[in-house]
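So the structure is just underneath, and the comments pick up after that.
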Amino acid sequence: MELELIRGSWSYHWWGNRKLFDIVSGLGEETAARELGTQFSFPSLKGMLAHIHGADRIWLERWMGKKPVKLLGDGDFASLADLRKRWDDLEAEQHRFVDALTPSELQRVVVHTSLDGKVTFRQPLWELLQHVVNHATHHRSELATMITMVKGSPPSTDMVVYYRVASGQLQP
């Protein structure tokens, strides 16, 4: 059951991310780059998407035994198209990783160091897998608010909506 929950959460993660990314892409480069306020973790739509990508990338690298040294951000992507290409590549890597998980792998302790190299952490993989999904949910809520400011309220990205769409009870 644990593995099923993790995979379901990640399917939701990818669905919610793509749903809002598609809306932002439809707004165009200029709107995506416009600063919408310092009340947000990252002031532009593109910046928020870049942060979600950057965090997802760092965690995947850590789970694969690598030692990332930089959190990618807005300035690391020339355009929304560039970000989307790299996003799609990352999502494909994540799919391969999540699809290959086993129940015992979920218990594996991941040892990783903060980006500044000052603190080392030890946590089971299942906790970190949940963290990444939760982290993006927080930033998707900010994205939804930002989209509302420039276009109107986006469609729901609630988990229950995802499960209803995935089961065919609702249309995408």
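Using my numbering, read the sequence shown as starting at -6 and increasing by one per residue. Every residue gets a Cβ at the ideal spot worked out from N, C-alpha and C, and that includes glycine.
Measure the alpha-carbon distance for residue i versus residue j and round it to whole angstroms.
i, j, result
"residue 17", "residue 60", "31 Å"
"residue -5", "residue 123", "11 Å"
"residue 62", "residue 109", "8 Å"
"residue 81", "residue 163", "25 Å"
"residue 79", "residue 97", "30 Å"
"residue 111", "residue 64", "16 Å"
"residue 73", "residue 105", "30 Å"
"residue 157", "residue 114", "37 Å"
"residue 127", "residue -2", "13 Å"
"residue 145", "residue 3", "27 Å"
"residue 165", "residue 71", "30 Å"
"residue 29", "residue 133", "15 Å"
According to DSSP, is residue i helix, strand or coil?
i, result
"residue 138", "helix"
"residue 2", "helix"
"residue 53", "helix"
"residue 149", "coil"
"residue 18", "helix"
"residue 90", "helix"
"residue 11", "helix"
"residue 24", "helix"
"residue 62", "coil"
"residue 144", "coil"
Checking the sheet assignment: what are the DSSP bridge partners for residue i?
i, result
"residue 115", "104"
Excluding the five sequence neighbours on either side, which residues of its own chain have a C-beta within less than 7 Å of the C-beta of residue i, listed in chain order?
i, result
"residue 103", "55, 56, 116, 118 and 121"
"residue 0", "91"
"residue 27", "37"
"residue 135", "33, 34 and 41"
"residue 51", "61 and 64"
"residue 7", "84"
Considering only residues of the same chain and omitting the five flanking positions on each side of residue i, which have a CB-CB separation below 6 Å?
i, result
"residue 5", "152 and 155"
"residue 147", "16, 137 and 140"
Taking 8 Å as the threshold (C-beta atoms), are residue j and residue i in contact?
i, j, result
"residue 131", "residue 83", "no"
"residue 40", "residue 21", "no"
"residue 143", "residue 24", "yes"
"residue 137", "residue 150", "yes"
"residue 43", "residue 13", "no"
"residue 85", "residue 10", "no"
"residue 125", "residue 49", "yes"
"residue 87", "residue 53", "yes"
So, at 8 Å on beta carbons, what are the nonlocal neighbours of residue i in its own chain, with the 5 sequence-adjacent residues on each side left out?
i, result
"residue 95", "-4"
"residue 58", "none"
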